[in-house]
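Residue numbers for the sequence shown follow the UniProt record's numbering, beginning at 1 and rising by one.
Below you'll find the structure, written out as structure tokens, and then a few comments.
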Amino acid sequence: MAATSVQAQQQQPLLGFGTEAAKKELDLEAAFDKQLQANNLRDWMKRMTAFPHQLGSPYGLNNALFLRDKLASWGFDARLDTVHVLFPTPKVRILELTEPTKFKASLTEKPLKEDATSAQTKDVLPPYHAFSANGDVTAELVFVNYGVPDDYEELAKLGVDVKGKIVIAKYGGSWRGIKPKVAYEHGAIGCIIYSDPKEDGYFQGDVYPKGAFKNESGVQRGSVVDLPLAPGDPLTNGFVADAAHKRLSVDEAPAMMKIPVLPISYGDALPLLKALGGQVAPATWRGALPITYHVGPGPAKVHLKLEFNFDIVPCYNVIATLKGSEFPDQWVIRGNHHDAWVFGAADPVSGAVAELEEARALGELVKTGWNPKRTIVYCWWDGEEPGLLGSTEWVEKYQSILKEKAVVYLNSDGNGRGYLGAGGSHTLEKFVNQVGRDVTDPEKGTSVIERLRSRTILNGTPTAKQEARSRADLRIGALGSGSDYTPFIQHLGIASLNVGYGGEDAGGDYHSIFDSYDHYTRFKDGDFAYGVTLAKTLGRSVLRFANADVLPFDFSNFANTVQGYTAEVKKELEAARTKAEDHNKVLGEGRFEAAADPKDPFVKPSVESVAPYLNFAPLDNALVRLEQSAKAFASASSKFSTLPADKLKELNEILYKTERKLIHADGLPRRPWYRHQIYAPGFYTGYGVKTLPMIREAIEQKNWKEAEEGILRVSGVLEGFVGEVERAIGVGR
1 MAATSVQAQQ QQPLLGFGTE AAKKELDLEA AFDKQLQANN LRDWMKRMTA
51 FPHQLGSPYG LNNALFLRDK LASWGFDARL DTVHVLFPTP KVRILELTEP
101 TKFKASLTEK PLKEDATSAQ TKDVLPPYHA FSANGDVTAE LVFVNYGVPD
151 DYEELAKLGV DVKGKIVIAK YGGSWRGIKP KVAYEHGAIG CIIYSDPKED
201 GYFQGDVYPK GAFKNESGVQ RGSVVDLPLA PGDPLTNGFV ADAAHKRLSV
251 DEAPAMMKIP VLPISYGDAL PLLKALGGQV APATWRGALP ITYHVGPGPA
301 KVHLKLEFNF DIVPCYNVIA TLKGSEFPDQ WVIRGNHHDA WVFGAADPVS
351 GAVAELEEAR ALGELVKTGW NPKRTIVYCW WDGEEPGLLG STEWVEKYQS
401 ILKEKAVVYL NSDGNGRGYL GAGGSHTLEK FVNQVGRDVT DPEKGTSVIE
451 RLRSRTILNG TPTAKQEARS RADLRIGALG SGSDYTPFIQ HLGIASLNVG
501 YGGEDAGGDY HSIFDSYDHY TRFKDGDFAY GVTLAKTLGR SVLRFANADV
551 LPFDFSNFAN TVQGYTAEVK KELEAARTKA EDHNKVLGEG RFEAAADPKD
601 PFVKPSVESV APYLNFAPLD NALVRLEQSA KAFASASSKF STLPADKLKE
651 LNEILYKTER KLIHADGLPR RPWYRHQIYA PGFYTGYGVK TLPMIREAIE
701 QKNWKEAEEG ILRVSGVLEG FVGEVERAIG VGR
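Listed below in structure tokens is the structure:
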């Protein structure tokens with residue numbers, strides 16, 4: 001069966017190309033591959049990571065100018081597109097244990113002789129969280145595990161309240177910005193986040209410099225802006241500051257964190273956790289530090305004082321264009337960010353230099369007389385790390401143009417050694433599989449998609465294993481947030497992909513001073529073979545979209561995927577109903593009281609709301625039409641490449657705008673910036689995606705009226721989407 005699915009995938013014609021055009025395209029891609037040189041990636045990484053290059057820094061500008069000038073020398077129309085954004089930096093950072101013993105956290109990362117850049121101090125941002133609130137608070141400490149909503153439910157069962165307390169949470173379990181957000185909602189007045197060695201320290205392997213994992217002084221910096229509310233400058237969410245649109249104040253900005261929050265190392269966390277008393281933490285909460293984990297509150301009491309400079313700084317986006325010869329007003333957009341928290345070798349320079357090598361290779365093709373049919377726009381974003389600032393401001397600034405001209409957005413971020421990872425619009429799933437079929441894995445010699453298939457068969461869920469053997473296309477993930485694709489797909493409905501390699505490059509360097517050239521070349525992708533592979537993968541993606549006669553969208557996999565999402569939310573609703581009914585039954589029978597240990601605190605649970613039976617008929621009917629239209633499009637597509645030029649142009653404009661039909665002008669409830677109705681970051685997951693978000697989150701929050709409204713809204717956008725697919729079929733007749 002596996003051989004059958006592989007064979008079927010290999011025999012697929014090249015999406016968007018007739019037979020002769022496909023041969024020319026594959027020859028062009030072979031010529032592109034020959035241009036790629038790993039040493040360029042190595043040299044550029046060493047140059048770009050020599051000094052800190054965070055948003056607004058001198059070396060950030062230096063790198064932006066370096067990128068611009070390289071691109072201009074290769075024939076691109078290259079420029080800096082500068083916006084000005086809020087970027088808080090730390091002025092005061094104090095964390096000390098005041099009771100029952102005294103301890104002052106160092107809040108520093110110790111340089112290593114084995115890491116050439118780690119001893120730098122000039123322009124280095126110390127460990128901190130951007131968009132934390134100022135604060136000077138002293139209170140008892142409470143350990144809250146990962147600090148996500150489920151953890152607070154567990155604390156409530158233990159009789160522990162964090163109101164008026166400072167919480168300490170482990171990194172992991174959710175995006176970091178969720179932890180202080182949920183802490184604030186529960187009445188906490190401060191938040192500390194530490195990296196437990198169980199997640200990325202000595203529990204996982206040898207620590208740096210002997211191994212790749214986090215040592216006792218390593219700290220993960222990061223942003224805690226309320227990303228699920230909106231990315232971009234929190235003073236200008238949804239618009240760009242100008243004479244007519246004034247910035248909010250820091251105090252007015254909804255996405256600013258409301259309590260002080262600070263990241264620390266596990267070396268600094270150990271004395272705090274060791275001083276905690278109270279009940280022993282649940283087994284699943286315990287990390288790898290040499291202590292018994294307690295939840296508190298107290299007797300540990302801590303003092304946390306933070307002050308920030310809230311400065312408006314320049315944000316340097318690098319934009320480089322190759323104008324299309326036939327369809328200059330259809331834009332294929334490719335992006336990766338260039339800013340880092342410190343040196344940023346893995347995140348983001350590993351991806352940025354692969355993108356740069358792609359652009360150089362395209363420049364070499366242009367010298368041979370080749371020109372793309374569609375305009376290619378290469379972008380290197382600034383300010384991604386604090387909250388997708390550069391890409392979001394650019395999208396908001398040019399949104400009217402992008403709505404008309406953007407065909408697709410192709411993103412990468414960090415890159416490493418290992419397996420293909422891809423997420424995005426499922427109208428591009430078949431396209432990704434074809435690209436992956438035609439790129440060779442540098443370690444194994446097989447295609448990157450077949451190597452991924454093997455890994456899925458070995459390590460996937462039971463369903464994923466079965467599908468990897470029987471389904472021609474491997475599934476790609478859905479996109480939530482966390483990188484620069486977010487404003488394109490979530491705000492404007494531009495079909496997007498996010499691609500990178502990894503899985504054999506684990507470590508503890510993320511957002512620390514040890515994300516360096518030395519660490520990367522020792523532990524990530526030392527020969528830059530996977531950097532070249534990323535350039536081959538996304539270079540092909542750019543070329544195929546730029547050159548295709550018919551844009552390579554496919555609707556069958558999308559229809560199948562949305563059917564799966566619908567089945568999931570129905571199952572979640574049924575599970576919620578059963579769980580609540582069972583809970584209320586045992587509550588009424590007094591089982592909780594009877595089973596409780598009389599020596600432990602006992603809090604009687606509340607009666608839970610039981611889910612009603614929701615009417616999914618409108619969504620089910622829309623899905624039937626979606627599947628029918630997808631099949632009809634697939635049947636008609638073989639004739640599309642023979643259409644006359646005017647019809648072909650009309651068809652392609654319909655195709656690349658189909659994703660626009662999946663957004664809703666009102667956005668999602670309580671966060672209107674996010675408009676996509678099929679994919680969105682979860683309100684309490686941050687980066688992590690929630691599919692059919694309005695329906696799914698309403699069920700999770702037991703908001704049954706909103707769930708019904710969500711069913712109708714999703715049905716409506718799918719009906720609009722189907723209408724466009726049917727219109728495309730009509731043009732092709």
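Idealized CB from N, CA, C, for every residue including glycine.
Cβ pair residue i, residue j closer than 8 angstroms
| i | j | result |
| --- | --- | --- |
| isoleucine 401 | leucine 322 | no |
| aspartate 515 | alanine 354 | no |
| tyrosine 687 | alanine 680 | no |
| alanine 308 | asparagine 134 | As written in the sequence, residue 308 is phenylalanine, which differs from the alanine given in the question. A contact, by the Cβ cut-off of 8 angstroms. |
| proline 100 | alanine 275 | yes |
| leucine 410 | valine 542 | yes |
| valine 603 | glycine 277 | no |
| leucine 97 | valine 295 | no |
| histidine 84 | cysteine 315 | yes |
| alanine 548 | glycine 16 | yes |
| glycine 238 | glutamate 396 | yes |
| glutamate 109 | serine 217 | yes |
| alanine 288 | aspartate 196 | yes |
| leucine 492 | asparagine 652 | no |
| leucine 356 | tyrosine 565 | no |
| aspartate 484 | serine 391 | yes |
| glutamate 724 | isoleucine 678 | no |
| isoleucine 193 | tyrosine 208 | no |
| valine 366 | glycine 716 | no |
| serine 174 | leucine 306 | no |
Nearest neighbour of residue i, chosen from the options [CA to CA]
| i | options | result |
| --- | --- | --- |
| serine 412 | Ser447, Leu538, Thr446 and Gly324 | Leu538 |
| leucine 624 | Ala300, Met694, Phe683 and Ser556 | Looking at the sequence provided, one finds valine at residue 624 rather than leucine. Nearest of Ala300, Met694, Phe683 and Ser556 to valine 624, Cα basis: Ser556. |
| alanine 546 | Phe131, Val240 and Gly324 | Gly324 |
| lysine 104 | Ala133, Tyr517, Gly187 and Leu304 | Leu304 |
| proline 111 | Asn62, Asp518, Tyr656 and Lys170 | Asp518 |
| alanine 495 | Gly218, Glu20 and Gly424 | Gly424 |
| glutamate 650 | Ala156, Leu270 and Arg727 | Arg727 |
| alanine 130 | Tyr152, Gln54, Tyr184 and Gly730 | Gln54 |
| glycine 187 | Asp206, Asp161 and Glu252 | Asp161 |
| glutamate 708 | Ala340, Phe143 and Leu619 | Leu619 |
| leucine 80 | Glu385, Lys91 and Lys70 | Lys70 |
Counted within 10 angstroms of its Cβ, other Cβ atoms place residue i as buried (16 or more) or exposed
| i | result |
| --- | --- |
| aspartate 150 | exposed |
| phenylalanine 203 | exposed |
| glycine 383 | buried |
| threonine 427 | buried |
| arginine 176 | buried |
| tyrosine 613 | exposed |
| valine 148 | buried |
| alanine 8 | Note that alanine 8 scores 46 on pLDDT, short of 50, meaning its location in the model is unreliable; the coordinates nonetheless yield the value given after this. With fewer than 16 Cβ atoms within 10 Å of its Cβ, alanine 8 is classed as exposed. |
| leucine 718 | buried |
| alanine 2 | Caution is warranted here: a pLDDT of 42 is assigned to alanine 2, below 50, making its placement in the model unreliable, and no coordinate value can be reported. |
| threonine 254 | Strictly speaking, residue 254 in this sequence is proline, with threonine absent from that position. It is exposed - the Cβ of proline 254 has fewer than 16 other Cβ atoms within 10 Å. |
| proline 462 | exposed |
| proline 13 | exposed |
| leucine 65 | exposed |
| lysine 733 | Note on identity: in this sequence residue 733 is arginine, with lysine being the wrong assignment. Exposed, because fewer than 16 other Cβ atoms sit within 10 Å of the Cβ of arginine 733. |
| asparagine 498 | buried |
| histidine 338 | buried |
| glycine 164 | exposed |
| proline 260 | buried |
| asparagine 39 | exposed |
Distance between beta carbons of residue j and residue i, contact taken as under 8 angstroms
| i | j | result |
| --- | --- | --- |
| glycine 267 | glycine 508 | That belief does not hold up - the Cβ atoms of glycine 267 and glycine 508 are roughly 13 angstroms apart, past 8 angstroms. |
| leucine 262 | tyrosine 128 | 7 angstroms |
| glycine 414 | glycine 480 | Incorrect: roughly 17 angstroms between the Cβ atoms, too far for contact. |
| leucine 420 | glycine 445 | Going by Cβ atoms, the distance from leucine 420 to glycine 445 rounds to 15 angstroms, so no, they are not a contact pair. |
| leucine 141 | proline 297 | 7 angstroms |
| methionine 694 | valine 714 | 7 angstroms |
CB contact check: residue i to chain B, cutoff 8 angstroms
| i | result |
| --- | --- |
| alanine 632 | Included in the structure is just one protein chain, with no chain B present. |
With contact counted as at least three CB pairs below 8 angstroms, one residue from each stretch, are the region 584-592 and the region 494-509 in contact?
no
Kindly confirm or deny that the region 223-231 and the region 681-701 touch, where touching means at least three C-beta pairs closer than 8 angstroms.
yes
Count Cβ pairs between the region 14-33 and the region 326-341 that sit closer than 8 angstroms; are there 3 or more?
no
Measuring CB atoms only, is the region 565-578 touching the region 688-708, in the sense that at least three cross pairs come out at less than 8 angstroms?
yes
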